[in-house]
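So in UniProt numbering, the last spot in the sequence shown is 543, and the numbers never skip.
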Amino acid sequence: MKRLLPALLLLAAACKQKEYNADMLVKNAVVYTVDSNFTTASAFVVSGGKILAVGSADSLEQKYNAREVIDAQGAAVYPGFIDAHAHFYEYGMGLQQVSLVGTQSWPEIVDSVKVYAERNTDGWIIGNGWDQNDWADKHFPDKAKLDSLFPMRPVLLSRVDGHAAIANQAALNIAGVKPGQTIVGGEIETRNGKLTGVLVDNAVGIVTRKIPEPTSAMVDTALLSAQKNCFAAGLTTVDDCGLPYTMVNIINELQHKGDLKMRMYVMLADRPENYEYLFKKGAIKTPGLNVRSFKVYADGALGSRGACLLKPYADSAKWSGFLLSNPKHFEEIAPKIAAHGFQMCTHAIGDSAVRTMLKIYAANLKGKNDLRWRIEHSQIVSPQDVAMFGKYSVIPSVQPTHATSDMYWAGKRLGKERLKTAYAYKQLLDQNGWIPLGTDFPVENINPLYTFYAAVERKDLKGFPAAGFQKENALSRIEALKGMTIWAAKANFEEKEKGSIEPGKYADFVILDKDIMKVKGSELPTTKVTKTYINGVKVYDKK
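If you want it as structure tokens, here you go:
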């Protein structure tokens with residue numbers, strides 16, 4: 001008995017050292033913490049939905065008695081991925097419409113619409129995702145075939161970037177669109193005195209405003225179906241860019257009920273009612289929802305020649321694109337946003353649009369600051385303007401897959417010289433030392449691993465071009481991972497609560513079947529998410 005006493009006392013002491021409040025222990029992993037030193041670990045502990053401790057399995061098992069133990073079996077674990085620029089709700093609504101992504105011709109689109117119409121016999125026919133740059137005939141189509149097939153039923157089919165659309169005559173009639181009609185920041189295409197159905201930028205809104213509002217059931221389905229697909233891609237936070245204020249309560253209620261678990265950073269659209277709402281209410285912040293910014297639109301897209309350029313398009317000598325609003329609008333709204341302490345996030349693709357907005361930002365920011373105003377896309381930046389990002393702490397929020405989607409035809413739009421400083425992510429990163437990354441889905445695929453691949457390899461999914469597209473502006477793997485975790489969180493003022501696996505932060509993490517920091521570049525696009533966790537709760541399991 002005397003011999004057993006010391007052993008029993010040691011066992012009792014060991015038990016007393018353990019903390020029994022841990023919910024989960026993840027061990028036998030390669031944990032990329034993405035902390036300030038980019039530390040790797042082999043284990044971490046979760047309690048109350050947050051990271052409690054990070055270290056080795058041996059030390060953590062001695063200290064904590066976790067109710068659940070996850071043996072990662074050597075797999076790589078990363079902070080939950082954050083998409084710094086997306087259209088989450090729009091993507092979800094698109095899942096209920098005609099998908100035209102990847103279509104190779106106008107006849108193929110018409111066939112897809114016919115199939116959809118046979119299955120959905122009432123109401124508007126809404127489609128999205130076509131890109132004439134993928135067709136053999138790269139000209140915009142006309143509405144003649146849609147008119148013959150659907151003389152009474154309105155049809156609106158949006159281009160992949162949402163900055164152009166084609167409507168049939170029934171839809172144009174409802175919207176009251178007439179031949180020769182003009183609109184600031186948009187184009188209503190007329191040929192030989194007749195409408196072709198093609199609408200560009202602000203002209204699209206004339207028709208979309210006539211589409212009946214979706215039912216509450218449709219809205220809920222959109223949000224929850226988008227969530228399901230995003231969880232499977234490893235996303236735990238999305239920035240939804242350009243929502244109406246009416247969506248805020250819907251999102252908040254779904255999150256409160258526990259149905260919508262996706263964390264959302266919401267930018268309200270540039271509309272008077274949205275400014276009035278948030279200026280009066282103030283910033284909204286819960287664990288799952290952050291509303292403190294506005295999405296402003298400076299110009300259109302390069303693919304539809306709506307991007308506003310300093311010099312004419314190389315393939316359209318008399319055309320330079322256009323701003324979507326008079327510069328006076330931006331000059332008036334920027335100081336109001338600044339006065340209320342909110343973030344201004346402006347869509348600007350062309351070098352003229354970027355310059356216009358940088359000058360307006362500079363007048364309000366007045367040097368280095370921590371307001372984190374953003375230029376969304378920053379695709380074509382004049383070499384003369386790059387330094388302004390650093391001088392005024394303006395954040396370039398970019399989408400690497402845009403470079404690998406546009407590279408086939410961007411040179412035709414811009415010419416060789418202008419192309420050299422387009423999609424210059426490394427150069428933009430150097431201005432402030434950090435850069436948030438997104439996808440702009442549904443314009444691009446929702447998969448953040450494609451973002452990572454495009455950022456570091458600068459190739460399409462087929463491995464083209466072999467040497468990478470303008471590889472001098474590729475990001476390192478560490479930079480790319482930070483761009484879709486801690487830097488994306490920082491762009492949302494959330495770096496203290498997410499974006500890395502560190503004590504005190506939300507236990508949002510993802511497990512992959514390959515280590516994207518080590519595998520060959522060619523293997524990155526085939527890497528799969530095996531599990532996704534939010535607050536330490538599993539929300540996706542590949543099985």
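Just so it is clear, CB atoms sit at the ideal spot from N, CA and C, and this is done for glycine as well.
Output the boundary residues of the beta strand (DSSP E) element that contains residue i.
i    : result
M247 : Note, M247: premise wrong, no beta strand (DSSP E); alpha helix (DSSP H) at T246 to K257.
L25  : M24 to K27
F294 : L289 to Y297
R159 : V155 to R159
F469 : Looking at the DSSP string, F469 is not in any beta strand (DSSP E), and its letter there is neither H nor E.
K194 : K194 to D201
Quick one: residues in its chain with C-beta nearer than 7 angstroms to the C-beta of residue i, no 5 flanking neighbours on either side, listed in chain order?
i    : result
A84  : D239, S397, P436, L437, G438, A488 and A491
R153 : I125 and A170
E331 : I360
K372 : The sequence shown places Arg at residue 372, rather than the Lys named in the question. If we look at R372 and ignore the five residues flanking it on each side, its Cβ neighbours are Q343, I395, A491 and F493.
K2   : Caution is warranted here: a pLDDT of 48 is assigned to K2, below 50, making its placement in the model unreliable, and the coordinate value is therefore given only provisionally. If we look at K2 and ignore the five residues flanking it on each side, it has no Cβ neighbours.
Grab me the residues of residue i's own chain with a C-beta within less than 6 angstroms of its C-beta, minus the 5 sequence neighbours each way, in chain order.
i    : result
F150 : N168
G390 : Q431 and N432
T190 : P179 and G180
A164 : V200 and S304
I183 : N202 and A203
A226 : F88, Y91 and G92
M517 : R477
K542 : T530
Q470 : none
How would you label residue i, buried or exposed, when you count the other beta carbons within 10 angstroms and need 16 or more for buried?
i    : result
H139 : exposed
D58  : exposed
T246 : exposed
M218 : exposed
E457 : buried
S42  : buried
R119 : exposed
P383 : exposed
A363 : exposed
R209 : exposed
E472 : exposed
H377 : buried
G193 : exposed
N249 : exposed
H402 : buried
Check residue i in the structure and name its three-state DSSP category.
i    : result
G92  : helix
L260 : coil
C241 : strand
G521 : helix
K490 : helix
L388 : Residue identity differs from the one stated: residue 388 is Met in this sequence, not Leu. Reduced to three states, the DSSP call for M388 is helix.
V101 : coil
K528 : coil
Y408 : coil
A170 : helix
D131 : coil
T451 : helix
P396 : strand
K514 : coil
Closer than 8 angstroms by C-beta to residue i: which residues in its own chain qualify, once you throw out the five before and the five after it? Chain order, please.
i    : result
D142 : I166, R191, T196, G197 and V198
Y313 : R305, W319, S320, G321, R413 and L414
E523 : K514
S105 : W135, A136 and D137
P525 : L449, Y450, Y453 and L461
E68  : D23, M24 and L25
For the alpha helix (DSSP H) holding residue i, just list the boundary residues, first then last.
i    : result
I183 : First-last for I183: undefined, no H or E at that position.
S225 : S216 to A232
I375 : Looking at the DSSP string, I375 is not in any alpha helix (DSSP H); the run it does join, the beta strand (DSSP E), is R374 to H377.
L419 : K416 to L419
R477 : R477 to G483
Would you tell me roughly how many angstroms separate the C-alpha atoms of residue i and residue j, rounded to the nearest one?
i           : j    : result
V54         : A22  : 13 angstroms
L172        : Q97  : 19 angstroms
A75         : I349 : 39 angstroms
E213        : Q132 : 29 angstroms
K328        : G367 : 22 angstroms
F44         : F294 : 37 angstroms
L235        : I109 : 30 angstroms
A12         : A66  : Low confidence applies to A12: its pLDDT is 46, below 50, so where it sits in the model is not reliable, and the reading given next is rough at best. Computed Cα separation, rounded: 18 angstroms.
L60         : L428 : 40 angstroms
residue 564 : S99  : Nothing about residue 564 can be reported from this structure: the residues present for the chain run from 1 to 543 only.
E276        : T286 : 21 angstroms
L10         : N535 : Note on L10: pLDDT 44, under 50, position unreliable in the model; the coordinate value appears next. When rounded, the distance between both Cα atoms is 35 angstroms.
T215        : R355 : 41 angstroms
T121        : Q399 : 37 angstroms
W409        : L309 : 16 angstroms
Answer yes or no: does any C-beta atom of chain C fall closer than 7 angstroms to that of residue i?
i    : result
W487 : The structure shown contains no chain C; it is built from a single protein chain.
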